[in-house]
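Q: Per this note's numbering, residue 3 is the first one in the sequence shown, and the count goes up by one each step. From the three backbone atoms N, C-alpha and C, an ideal C-beta is built for every residue, glycine too. Here it is: the structure, laid out below.
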Amino acid sequence: MKRSLEHFSLAAAVTFLAIFLGPSLHAQQADQDPSPDKTNPAVPQAQQNEAQMPASGEATTRDAKTFTGRIVKENGQIVLKDPVTHVTYKLDDTAKAKQYMGRQVKATGKLDLNTNTIQLDRIEPIS
């Protein structure tokens with residue numbers, strides 16, 4: 003009798019969670035943008051950059067992503083500094099970035115999570 007009461011309580015708890023939390027979890031999934039490469043002006047840049055991170059366990063993003071920020075010299079290195087998230091990204095090709103020193107840019111490339119380095123495909127100023 004005691005064991006069946008435990009099973010019933012467990013089943014009731016699982017049912018409760020499925021009924022009340024299921025719709026909110028589904029709504030969160032529906033709100034997510036299936037194509038993070040498109041820029042949504044209603045979403046802050048920090049959230050857009052977070053959406054560009056690869057799934058856990060991957061060291062480098064599979065596809066090229068877009069990062070925005072200012073090209074600055076920090077600790078003797080030319081880097082991309084995101085003013086919103088305050089994240090600093092190293093750049094694998096500083097020759098491409100050097101001409102934009104002090105300017106806001108849009109950098110496109112794959113992010114190596116181990117070194118926080120963007121493997122630049124292209125870089126262009128933001129008007």
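Measuring CB to CB, does residue 107 end up less than 8 angstroms from residue 78?
A: Not a contact, by the Cβ cut-off of 8 angstroms.
Q: How big is the Cα-Cα spacing for residue 65 and residue 103?
A: Going by the C-alpha atoms only, they are around 26 angstroms apart.
Q: What did DSSP end up calling residue 47 once you bin it into helix, strand or coil?
A: Residue confidence for residue 47 is low, a pLDDT of 48 falling below 50, so the modelled location carries little weight and cannot support an answer.
Q: In three-state DSSP terms, what is residue 68?
A: Residue state, collapsed to three classes: strand.
Q: Using DSSP with H/G/I as helix, E/B as strand and the rest coil, what is residue 109?
A: Note: residue 109 maps to strand in three-state DSSP.
Q: Considering only the alpha carbon of each residue, which of 124, 113 and 87 lies closest to residue 100?
A: The shortest C-alpha separation from residue 100 is found at 124.
Q: I'd like the span of the alpha helix (DSSP H) that includes residue 96, first residue to last.
A: 96–100 is the span of the alpha helix (DSSP H), which, as asked, contains residue 96.
Q: How far does the beta strand (DSSP E) with residue 120 in it extend, from its first residue to its last?
A: Segment 119–127, the beta strand (DSSP E) holding residue 120.
Q: State yes or no: is the beta carbon of residue 78 nearer than 8 angstroms to at least one beta carbon in chain C?
A: Here chain C cannot be found, since the structure has a single protein chain.
Q: So residue 82 is in the beta strand (DSSP E); what residue range does that whole segment cover?
A: It spans 79–83 - the beta strand (DSSP E) in which residue 82 sits, taken as one unbroken run.
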